[in-house]
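Q:
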Ligand SMILES: Nc1ncnc2c1ncn2[C@@H]1O[C@H](COP(=O)(O)OP(=O)(O)OP(=O)(O)O)[C@@H](O)[C@H]1O
Ligand SMILES: [Mg+2]
């Protein structure tokens, strides 16, 4: 379970997040909306202990991520798998090596077992044939899917997708989103997805958090967001309809 209470966070002297509150229960899925620069990426990184908040509480499974001077960030980082905005694959590594990396980082040594897990993870995103390829030989959508396979590989408790389809054409986007919804439905993970695509992803979101300029404009079920009067929310809903 993730709990965020009255979170306020500055980077340098700039206030980036203010008065953020949400709770994510086990196996729930949160969707974060908001325009560019509203603080979405900073918020999810703050769950993993990347920053030191000015005030407020971030709690993962009952433990404060930031407590006193020795905040416990490293303890929880491993519970999270993040699919970054850019696929962030290592270009000189093959697909196999990229996807296997988190396992090696965790000290797995048995090659047969690693290979088996990599194959299973790639199969989830329909890419089992690309093991020996290099990222440069793949399309953008395929690279995103490799990034997703890498995030899946160690069966994280929390999966975070940061704009997993940005920069992709609509058809490839819905393909990648299809794999993500399959994963969300089949894996027992708690997920946070930053996306604008509530048409494809809306039905897997238990909660929506709409950020604007570092503040929460709306937090609640998606269906109730349609009743909101705030002009920015109305505008967003018109644009994605
Ligand atoms: N390391 C940093 N140092 C200084 N300012 C930062 C840093 N990281 C983010 N910011 C600022 O924090 C604000 C929120 O950034 P963030 O990356 O969270 O936006 P976002 O909502 O994810 O936007 P996008 O949709 O473009 O990814 C921005 O104004 C950004 O300039
Ligand atoms: Mg971002």
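Residue numbers (our numbering): 6 to 246.
All C-beta atoms, glycine included, are put in the ideal place defined by N, C-alpha and C.
#1: Leaving aside the five residues before and after residue 132 along the sequence, list all residues of the same chain whose C-beta is less than 6 Å from its C-beta, in chain order.
#2: Does the beta-carbon of residue 16, which I'm using as the reference point, lie nearer than 7 Å to any heavy atom of ligand 1?
#3: Is the separation between the beta-carbon of residue 152 and that of residue 89 shorter than 8 Å?
#4: Count the C-beta pairs between the segment 94-107 and the segment 58-66 that are closer than 8 Å, then say yes if the count reaches three, no if not.
#5: Give me the Cα-Cα distance between residue 123 and residue 154, rounded to the nearest whole angstrom.
#6: Give me the DSSP bridge partner(s) of residue 86.
#7: Assign residue 176 to buried or exposed, taking buried as 16 or more other Cβ atoms, counted over all protein chains shown, within 10 Å of its Cβ.
#8: Does the beta-carbon distance from residue 198 to residue 34 come in below 8 Å?
#9: Where DSSP assigns a beta bridge to residue 10, which residues make up the other side?
#10: DSSP on residue 196, reduced to helix/strand/coil?
A: Quick answer:
#1: Within the chain shown, the letter at position 127 stands for residue 132. Around residue 132: 150.
#2: Counting from 1 along the chain shown, the entry for residue 16 is found at position 11. Residue 16: yes, Cβ under 7 Å from ligand 1.
#3: As a position in the chain shown, residue 152 is number 147, starting the count at 1. As a position in the chain shown, residue 89 is number 84, starting the count at 1. The answer is yes: Cβ separation under 8 Å.
#4: no
#5: Residue numbering aside, residue 123 sits at position 118 when the chain shown is read from its first letter. Residue numbering aside, residue 154 sits at position 149 when the chain shown is read from its first letter. Using only the alpha carbons, I get a separation of about 8 Å.
#6: Numbered from 1 along the chain shown, position 81 holds the residue referred to as residue 86. Beta-bridge pairing links residue 86 to 164.
#7: Locating residue 176 in the chain shown gives position 171, where the first residue counts as 1. When all chains shown are included, residue 176 counts as exposed.
#8: Along the chain shown, read from residue 1 onward, the residue named residue 198 stands at position 193. Along the chain shown, read from residue 1 onward, the residue named residue 34 stands at position 29. In contact: residue 198 and residue 34 (Cβ atoms closer than 8 Å).
#9: Numbered from its first residue, the chain shown carries residue 10 at position 5. BP columns for residue 10 point to 62.
#10: Within the chain shown, numbered from 1, the residue matching residue 196 stands at position 191. Correct three-state label for residue 196: strand.
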